[in-house]
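Protein chains in written order, with the working numbering: chain A, 1 to 164; chain B, 165 to 285.
Glycine residues also receive a C-beta, built at the ideal position from the N, C-alpha and C atoms.
Please read these numbers as outputs of a predicted model, since none were measured by experiment.
Reviewing the structure listed below.
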Amino acid sequence: MTTDVTDAGGMGLDVDALGNTDPILSIAEEVFSAMIDGEPGLLNPWYGDRPDPVEPMHAWVDVHEAGSGRVLIEAERGTVVELTRALLAMGPDEEVTEADMVDGLGEVANVVGGNVKALVPETGVLTLPQVSSERPPTPAEDLLHELALDWRGRLVVLSLWRLP
Amino acid sequence: MKVLVADDSRVMRQIVVRTLRQAGYDWWEITEATDGAEALEVVNSDPELALVLSDWNMPNMTGIQLLHAMRQQGSDLPFGFVTSEGSTEMREQAEAAGALFLIAKPFSAEVFRDTIDPFLA
Chain A
1 MTTDVTDAGG MGLDVDALGN TDPILSIAEE VFSAMIDGEP GLLNPWYGDR PDPVEPMHAW
61 VDVHEAGSGR VLIEAERGTV VELTRALLAM GPDEEVTEAD MVDGLGEVAN VVGGNVKALV
121 PETGVLTLPQ VSSERPPTPA EDLLHELALD WRGRLVVLSL WRLP
Chain B
165 MKVLVADDSR VMRQIVVRTL RQAGYDWWEI TEATDGAEAL EVVNSDPELA LVLSDWNMPN
225 MTGIQLLHAM RQQGSDLPFG FVTSEGSTEM REQAEAAGAL FLIAKPFSAE VFRDTIDPFL
285 A
């Protein structure tokens, strides 16, 4: 697992206060077990070096009006295919469409983002999810928190960002 | 019983419908809408509708705007939110607008049963 805490601002989330616990990990575990896997234990912290992503896809939601921030999820295209297949309870031979991949990854970002927003007392407005093969342009110094996760042997990266 | 599920995500609508089935509501006849505006059209055109389950954050018309519009039109159709945000402020806002409940995503079949069953009695 890589956890990089660089700042305590943004989204009104005091990441220093996370201490040895990580509510973002708890949220991710709950989202994956309830929506994707139907059982707990298939999402865990990633240990070791991260592979270079092949055809990465990114999905994110932003919070505006109070402690503006962004919740971003990144995974390889092949991982998104399997995520979507699991979300839709599809068989291994069923075709996963591009539209469902965009919808599925966006919804994962949306639900994680909604739950992260609920951690902070400030009110704000959550945007609709956006999905792109390009990483949204956010300065590296605005990274608040990053979590590398192992989902069935595949890398999924969740990160929180400060927005201007 | 006819139930409307409104969510701009097809994936999420499918998950909601699947979870309703798992919760035992497989006798419900489900209609779907892709945003609040489409949901309002269904509400206005289907007098047999018995319950609306709606996302909050949707394009064109949000879930809370949908609920306000329904109540302003005099509709007292039972309404519940199924949304990714479950803050105290949103729950209060939902209740004040006339929603019966707010189920936060991610959810389970048990949560659906525990939340919805009391209103079916």
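(message) Please report the distance separating the alpha-carbon of W161(A) from that of L155(A).
(response) The residue labelled residue 161(A) in the question sits at position 161 within the first sequence. The residue labelled residue 155(A) in the question sits at position 155 within the first sequence. Rounded to whole angstroms, W161(A) to L155(A) spans 19 Å at the Cα level.
(message) Using beta carbons (cut-off 8 Å, strictly below), is N44(A) in contact with chain B?
(response) The count along the first sequence starts at 1 and reaches residue 44(A) at position 44. N44(A) is outside the set of residues whose beta carbon lies under 8 Å from a beta carbon in chain B.
(request) Identify each residue in the stretch 165-199 of chain B for which the Cβ-Cβ distance to at least one residue of chain A is less than 8 Å, and report them in chain order. (result) Per Cβ criterion, the list reads D172, S173, R174, V175, M176, Q178, I179, R182.
(message) Tell me the rounded alpha-carbon separation between V96(A) and G238(B).
(response) Residue mapping note: residue 96(A) aligns to position 96 of the first sequence, counting from 1. Residue mapping note: residue 238(B) aligns to position 74 of the second sequence, counting from 1. Roughly 42 Å separates the two Cα atoms.
(request) Would you list, in sequence order, the uninterrupted alpha helix (DSSP H) runs of no fewer than 4 residues that lie entirely inside the stretch 42-110 of chain A? (result) If you keep only unbroken alpha helix (DSSP H) runs of at least 4 residues inside the stretch 42-110 of chain A, you get 77-87.
(message) I need the straight-line Cα distance from R174(B) to Y47(A), nearest angstrom please.
(response) In the second sequence, counting from the first residue as 1, residue 174(B) sits at position 10. In the first sequence, counting from the first residue as 1, residue 47(A) sits at position 47. Spanning the two alpha carbons is a distance of roughly 34 Å.
(message) Please list, in chain order, the residues of the stretch 271-283 of chain B that have any C-beta partner in chain A closer than 7 Å.
(response) Answer set for the stretch 271-283 of chain B: F271, S272.
(request) Identify every residue that forms a DSSP beta bridge with T195(B). (result) The residue labelled residue 195(B) in the question sits at position 31 within the second sequence. L168(B).
(request) Find out if the Cβ-Cβ distance for the pair K166(B), D210(B) is shorter than 8 Å. (result) The residue labelled residue 166(B) in the question sits at position 2 within the second sequence. The residue labelled residue 210(B) in the question sits at position 46 within the second sequence. Yes.
(message) Measuring straight from C-alpha to C-alpha, what distance separates V31(A) and R182(B)?
(response) Residue numbering aside, residue 31(A) sits at position 31 when the first sequence is read from its first letter. Residue numbering aside, residue 182(B) sits at position 18 when the second sequence is read from its first letter. Rounded to whole angstroms, V31(A) and R182(B) show a C-alpha spacing of 16 Å.
(message) Using DSSP's beta-bridge definition, name the partner residues of I267(B).
(response) By 1-based counting over the second sequence, the position of residue 267(B) is 103. I267(B) is bridged to V246(B).
(request) Give the residues of chain A in contact with N221(B), contact being defined as C-beta atoms less than 7 Å apart. (result) As a working note, residue 221(B) is residue 57 in the second sequence. Neighbours of N221(B) across chain A, judged by C-beta separation under 7 Å: L126, L128.
(message) Once the 5 residues before and after M222(B) are set aside, which same chain residues still bring their CB inside 6 Å of it?
(response) Counting from one through the second sequence, the residue named residue 222(B) turns up at place 58. Excluding residues within five positions, the ones whose Cβ falls inside 6 Å are D172, D199, G200.
(message) My output table needs one value for L149(A): the three-state DSSP class, helix, strand or coil.
(response) By one-based count along the first sequence, residue 149(A) stands at place 149. Strand, per DSSP.
(message) Going by DSSP, what residue range makes up the beta strand (DSSP E) through I214(B)?
(response) By 1-based counting over the second sequence, the position of residue 214(B) is 50. According to the sequence shown, residue 214(B) is Ala rather than Ile. Here the beta strand (DSSP E) through A214(B) covers 213-218.
(request) Would you tell me roughly how many angstroms separate the C-alpha atoms of A59(A) and P129(A), rounded to the nearest one? (result) The residue you call residue 59(A) lines up with position 59 of the first sequence. The residue you call residue 129(A) lines up with position 129 of the first sequence. When only Cα atoms are considered, A59(A) and P129(A) end up about 7 Å apart.
(request) Assign L230(B) to one of three DSSP states: helix, strand, or coil. (result) By one-based count along the second sequence, residue 230(B) stands at place 66. Collapsing the DSSP output to three states places L230(B) in a helix.
(message) Tell me the rounded alpha-carbon separation between L119(A) and G250(B).
(response) Against the first sequence, residue 119(A) aligns to sequence position 119. Against the second sequence, residue 250(B) aligns to sequence position 86. The alpha-carbon atoms of L119(A) and G250(B) are separated by roughly 10 Å.
(message) Less than 8 Å between the beta carbons of L159(B) and W191(B), yes or no?
(response) The question about residue 159(B) has no answer, for chain B in this structure spans 165 to 285.
(request) Check the C-beta distance from E82(A) over to P53(A) and give it rounded, since I have them as a contact under 8 Å. (result) Position 82 of the first sequence, counting from 1, holds the residue named residue 82(A). Position 53 of the first sequence, counting from 1, holds the residue named residue 53(A). Separation of the CB atoms of E82(A) and P53(A) is rounded to 15 Å, and the pair is thereby denied contact status at 8 Å.
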